[in-house]
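Here is the structure we will look at.
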Amino acid sequence: MENNFDKQIKALARMLSAFFGLLLVLVGGLFYLKEHPNAFEKNSVPEPLPVALTKEDYDKVEDGIHIATGFVDDTHMQLVVQNCTSCHSAKLVTQNRMSEAGWTATIKWMQETQNLWDLGPNEEKIIAYLAKNYAPNQKGRRQNLSDIEWYELK
Amino acid sequence: MDRRHFTARLTLAGMATALGAPIVFAHKLPKDYLPLALQDNDPFTLFTKDKEMVVLNDRPWNMEAKAHLLNDRITPNKYMFIRNNGRIPETIDTNTWTLTVDGESAVGTKTYSLKDLKTKFKHHTYQLTLECGGNGRSEFNPPAKGNQWTVGAVSCANWTGIRLSDVLKDVGVKADAVYIGYHAADTHLSGDPKKEPISRGVPLAKAMQEETLLAFKMNGEDIPLAHGHPLRLVCGGWPASTSGKWLNGISIRNQVHDGAKMGGSSYRVPCETVSPGSKVDEKDMCIIESMPVKSLLTYPKSGALLKKGKNLNINGHAWAGELAVSKVSYSIDFGSTWQECQLEAPANRLAWQHFNATIAFPKKGYYEIWAQATDSNGIAQPMVLPGWNPKGYLNNACHRIAVKVV
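Those protein sequences? They're chains A and B, same order as listed. Residue numbering for the first sequence follows the working numbering, starting at 18 and increasing by one per position. Residue numbering for the second sequence follows the working numbering, starting at 2 and increasing by one per position.
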């Protein structure tokens with residue numbers, strides 16, 4: 018009889034621990050799902066974790082170019098990074114060449130149609146930076162071919 | 002494509018620490034947006050593109066080919082340019098995807114599932130030339146605003162789908178219809194859900210052409226994500242921006258469609274030619290329709306060193322928007338003399354045409370091979386830049402490659 022009671026207690030303890038174990042997995046799983054809502058989707062592409070940049074890496078400048086963004090390192094560059102790269106890539110800025118009037122018109126167009134915010138007193142500084150570092154150069158009606166990589170044709 | 006993974010672990014403060022600077026207007030950042038410096042997506046893997054493709058812009062994604070990468074007769078995905086105006090849709094479920102046709106000039110509003118479209122209408126395949134209206138923009142002087150495409154924003158793949166005209170007829174088109182406009186699932190860069198990044202269209206006549214497709218396959222496979230999976234409008238020979246990707250709506254309009262990037266200077270050129278750098282009033286700008294005649298030397302790659310006495314085989318493609326190409330010539334003396342290339346007929350209307358020639362060089366030296374195509378109306382490509390326009394569209398100047406005979 019006593020022996021049987023012992024067995025029953027042990028069985029109950031096993032059941033309870035199994036139950037708590039399951040509960041733990043379930044609750045843990047729910048927390049995981051909350052963080053990863055697509056865990057059950059077959060086609061969810063795992064994205065690489067961003068490599069955390071140290072401040073030193075971020076500030077790196079080579080040949081006058083701010084490596085992390087590709088911008089020319091000059092006065093007010095940080096203002097440009099902060100205001101001009103939250104919707105689009107820095108590349109959309111750095112591949113363009115415009116006069117002061119051109120950059121001003123582009124900013125106005127973005128404010129009117131693309132949800133760019135009011136830049137306040139920074140607008141002047143941003144335009145000065147852009148007009149200085151991304152000014153047009155005279156290309157004429159047709160340029161010479163450049164950056165030719167010569168190779169032997171077999 | 003889901004960034005929630007990322008941002009779940011990154012607070013604004015964390016981002017600011019990593020950036021080494023506070024984020025001004027942080028409250029205006031789209032909620033799932035990651036500042037540029039923290040993004041590390043490899044577009045070549047993401048979109049299965051060749052490593053030699055050139056990324057012009059990574060938000061939104063814009064990528065172009067180089068001339069020699071476009072040597073295939075039918076452009077494979079890995080060499081196809083990407084031109085996006087907004088953000089690629091994050092979740093695409095082909096089981097629930099629908100296309101709704103509506104508009105002032107639609108007899109009624111009708112919604113089709115993908116399965117409806119695939120089973121109710123006859124399938125057709127055409128090889129269709131798609132060129133970005135701004136291809137060649139980088140050469141304009143004074144420079145024009147936008148992605149600085151060189152020569153590689155053109156492709157000619159096989160597209161399989163159903164005729165847009167079949168669907169329009171199924172819905173019913175009223176007599177006053179003049180235009181169709183598309184709507185799609187991509188989202189605006191600013192994150193504003195009320196804004197469409199792009200919603201363009203074509204006149205009804207173009208929409209009713211037999212080659213104008215609602216496509217679900219590209220080169221025999223499901224359309225790749227970056228090119229409009231699972232449904233794309235394809236209007237061959239017209240600026241590729243009329244070929245709406247991730248399509249979920251078509252409006253039959255009784256006026257010229259007025260969606261995003263139909264107005265202002267977008268995909269428009271001065272109705273009358275202007276001097277370079279002119280300011281042009283919006284009312285004096287006309288919508289680009291058919292693309293102009295153009296050609297591309299795809300072999301050899303520019304920069305070939307050739308032994309004296311050896312002949313050089315060249316080849317490439319030529320296209321002319323709505324028209325056919327009637328002639329392609331090449332010059333090795335900067336246009337002083339021209340020789341005619343062999344030119345093939347297109348696989349179908351609106352497909353590019355292949356050309357080739359064999360060149361014997363008279364002596365050692367630096368040469369440029371220039372190619373010039375002429376369309377079926379007798380209009381040829383200019384050797385210099387064509388008429389300047391504020392946004393730098395329609396640069397169809399002759400393509401050239403460098404060769405040295407040594």
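Glycine residues also receive a C-beta, built at the ideal position from the N, C-alpha and C atoms. Every value quoted in this text rests on a predicted model; they were computed, and no experiment measured them.
Under the DSSP assignment, P204(B) falls outside any alpha helix (DSSP H), being part of the beta strand (DSSP E) whose first and last residues are G202 to P204. Taking 8 Å as the cut-off, the Cβ atoms of E105(B) and R254(B) count as close.
A distance below 8 Å separates the beta carbons of S291(B) and G238(B).
Under a criterion of Cβ atoms nearer than 8 Å, the residues of chain A adjacent to V385(B) are, in order, R158 and R159. Contact with chain B is absent for R31(A), since none of that chain's Cβ atoms lies less than 8 Å from the residue's Cβ. Interface criterion met: the Cβ of P144(B) is under 8 Å from a Cβ in chain A. Closest option to R84(B), judged by alpha-carbon separation, among F45(B), H400(B), D103(B) and W150(B): W150(B).
Checking the DSSP bridge columns, you'll see R138(B) has no partner listed.
Contact with chain B is absent for Q25(A), since none of that chain's Cβ atoms lies less than 8 Å from the residue's Cβ. Judged by DSSP secondary structure, A216(B) falls within the beta strand (DSSP E) whose first and last residues are L214 to M219.
Contacts between Q373(B) and chain A, judged by CB atoms closer than 8 Å, are missing: the closest CB pair is about 14 Å apart.
A contact is defined here as three or more CB-CB pairs under 8 Å, and the region 379-399 of chain B meets this definition with respect to the region 134-149 of chain B. Identification of residues in the region 72-99 of chain A having a C-beta nearer than 7 Å to some C-beta of chain B yields K72, Y75, D76, A85, T86, Q95 and Q99, given in sequence order. Against chain A, a Cβ distance below 9 Å from N58(B) picks out H105, S106, K108, L109 and Q112. In the structure shown, H258(B) adopts coil according to DSSP, grouped into three states.
When C-beta atoms of the region 114-122 of chain A are compared with those of the region 144-163 of chain A, three or more pairs fall below 8 Å, so the two segments count as touching.
Beta-bridge partners assigned by DSSP to T126(B): T161(B). Cβ neighbours of G81(A) within its own chain (closer than 7 Å, five residues either side excluded): V89 and D90.
Distance between P198(B) and V56(B), taken at the CA atoms: about 20 Å. Taking a cut-off of 8 Å for Cβ pairs, the region 357-370 of chain B and the region 126-134 of chain B do not touch, as fewer than three such pairs fall below it.
Selection A261(B), P383(B), Y368(B) and D259(B) evaluated against L307(B) yields Y368(B) as nearest (Cα-Cα). Proximity of the region 96-115 of chain A to the region 135-142 of chain A meets the contact definition, three or more beta-carbon pairs being nearer than 8 Å. For W371(B), the pairing in a beta bridge is given by DSSP as S332(B) and R401(B). Here the alpha carbons of M263(B) and P90(B) stand approximately 21 Å from one another. Counted as a single uninterrupted DSSP element, the alpha helix (DSSP H) harbouring K116(B) occupies residues L115 to K121. Our two residues, N96(B) and K116(B), have alpha carbons roughly 8 Å apart in a direct line. Only residues of its own chain outside the window of five on either side were considered, and among them S166 have a CB closer than 6 Å to the CB of M209(B), listed in chain order. Of all residues in the region 140-157 of chain A, the ones placed with a Cβ closer than 7 Å to any Cβ belonging to chain B are P153, Q155, K156 and G157, in chain order. Between A374(B) and the set A227(B), Q340(B), G87(B) and G310(B), the nearest pair of CA atoms involves Q340(B).
Nearest to R164(B) by alpha-carbon distance, out of H228(B), N78(B) and C236(B), is C236(B).
In the DSSP assignment, P44(B) falls within the unbroken alpha helix (DSSP H) covering P44 to L47. The region 42-51 of chain B makes contact with the region 222-231 of chain B: 3 or more CB pairs, one atom from each, lie closer than 8 Å. At the C-beta level, A68(B) and L344(B) stay beyond 8 Å of one another. Nearest to F122(B) by C-alpha distance, out of E140(B), T161(B) and T130(B), is T161(B). Inclusion of E283(B) and G260(B) in the CB contact set at 8 Å is not warranted, their separation being larger than that value. G336(B) is not a Cβ neighbour of M286(B), given a cutoff of 8 Å.
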